[in-house]
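Asks: For reference, the structure I am asking about is given below.
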Amino acid sequence: MSTDTNIWLLISDGMTDEALAMIDSGAVSVDEKDDYGYTPLMAAVSYNNIALCRRLLELGANLEARDQRGATPLHYAECLEAFEFLKAAGADLTAVDSAGQSPIESYIFTEDLDFVADLLLAGHFTKDQFTLSQDVYDELARLLPEDKLADLLPEPLDTMSPEMTELLEQFRASMPEGADMNQVMAALSQILQNATILGEGDEDEDGETGETGESTAEEADDSGDV
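Take the sequence shown: its letters are residues 1 to 226, numbered as in the UniProt record's numbering.
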C-alpha cells in the first residue's frame, strides 16, 4: 500500500466525493486495506457515513471483508443507523472475529453500552445471543426500561475470568482520550495477539516438560539395565 493512499483520512474528514474519486480513478480499490486490514467500508461505517456506505456497496465493496483481527464492517458500527443499514444490506449478524466475538459481543466488550441498549430496544438481538458480566449488566439496567430487563438481558455471569479482566484492563489503559474506532480496533488486536502468544508459550513449555519426562524415564531404564 502506498503511503500516498489516504482514502481513510478522507473518509474520517467527511470528504466523501474525494474518497470516491480515488476509487473511480483506480488509485485504490473499493476493498483497499490499510496495514490493519481496515477497508473504506469499515471506515465509512465507523464514521456513520451512510451515503458513502451505500455507494461503496454499489461499487462492489465486500460486506463481509475481514480486517487483521477478523472483524467485519458490522463490527465497526457505532450507531443504530449504520447497523440497520448494514443489516438491511445482508450483513451477517453472527459473524465472529478472531477472538470469537460476534458484533453484539464486540460492542459489549468495548463498552459501547448506549449503542447496545439501542440495539436491544430495537429488537436486533435476543438475550440468548450474548453474555454479560455483573458490571455490564448493572450499567445496561440503568439504560433500559425496568419492565423490559427480564426480556432483554440474560442473567449476569457471577464473575469475569481473571484472563478476561486483565485483557479488559489492558484495553482501557491503552486507549487515548478521543480515540477513533481504528485506534480502538488496533489496540484490541494487539492485546488479543499478545494473549495468543502467551498461550502458545504455555503450550510449548508443557511440551518441553513432557519431553524431559520421557528422557528421564529412558535414563532410568538404562540405569536398571546396568
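Cβ atoms here follow ideal geometry from the backbone N, Cα and C, with glycine treated the same way.
Sort Lys127, Val45 and Tyr36 by Cα distance to Ile11 and report the nearest one.
Replies: Val45
Asks: Less than 8 Å between the CB atoms is what I'm expecting for Asp92 and Glu64, so what's the real figure, rounded?
Replies: 6 Å
Asks: Below 7 Å CB to CB, which residues in the same chain sit around Gly90 once its five sequence neighbours on both sides are set aside?
Replies: Leu63
Asks: With respect to the alpha helix (DSSP H) encompassing Cys79, which residues constitute its N-terminal and C-terminal limits?
Replies: Taken as a continuous stretch (DSSP letters only), Cys79 belongs to no alpha helix (DSSP H), as it is neither H nor E.
Asks: So the candidates are Thr126, Pro176 and Ile50; which of them puts its Cα closest to the Cα of Ser102?
Replies: In terms of Cα proximity to Ser102, the closest of Thr126, Pro176 and Ile50 is Thr126.
Asks: Using the rule of at least 16 other Cβ atoms within 10 Å of the residue's Cβ for burial, across every protein chain shown, is Arg69 buried or exposed?
Replies: buried
Asks: For Asp135, which option in Leu120, Ala187, Leu168 and Gly100 has the closest C-alpha, if you only look at C-alpha atoms?
Replies: Comparing Cα positions, the closest option is Leu168.
Asks: Threshold first: 4 residues or longer. Then list the alpha helix (DSSP H) segments lying entirely within the stretch 86-170, N to C.
Replies: 103-109, 113-121, 134-143 and 149-152
Asks: Shortest alpha-carbon distance to Asp31 belongs to which of Leu41, Asp24 and Phe83?
Replies: By alpha-carbon distance to Asp31, the top candidate from Leu41, Asp24 and Phe83 is Leu41.
Asks: At least one CB of chain D closer than 8 Å to the CB of Leu59: is that the case?
Replies: Of the protein chains in the structure, only one exists, and it is not chain D.
Asks: If contacts are defined as beta-carbon pairs under 8 Å, then Tyr38 and Ser189 qualify, I think. What distance do you get, rounded to the angstrom?
Replies: 10 Å between Cβ atoms; not a contact.
Asks: For a quick check, are the C-beta atoms of Leu119 and Leu144 less than 8 Å apart?
Replies: Between Leu119 and Leu144, the C-beta gap is not smaller than 8 Å, which leaves the two residues out of contact.
Asks: Just to confirm before moving on: does the CB-CB distance between Asn49 and Glu81 stay below 8 Å?
Replies: no
Asks: Which residue comes first and which comes last in the alpha helix (DSSP H) that contains Ala51?
Replies: Counting along the chain, the alpha helix (DSSP H) containing Ala51 begins and ends at Ile50 to Glu58.
Asks: Can you give me the C-alpha to C-alpha distance between Phe109 and Glu146, rounded to a whole angstrom?
Replies: Taking the straight line joining both Cα atoms gives about 23 Å.
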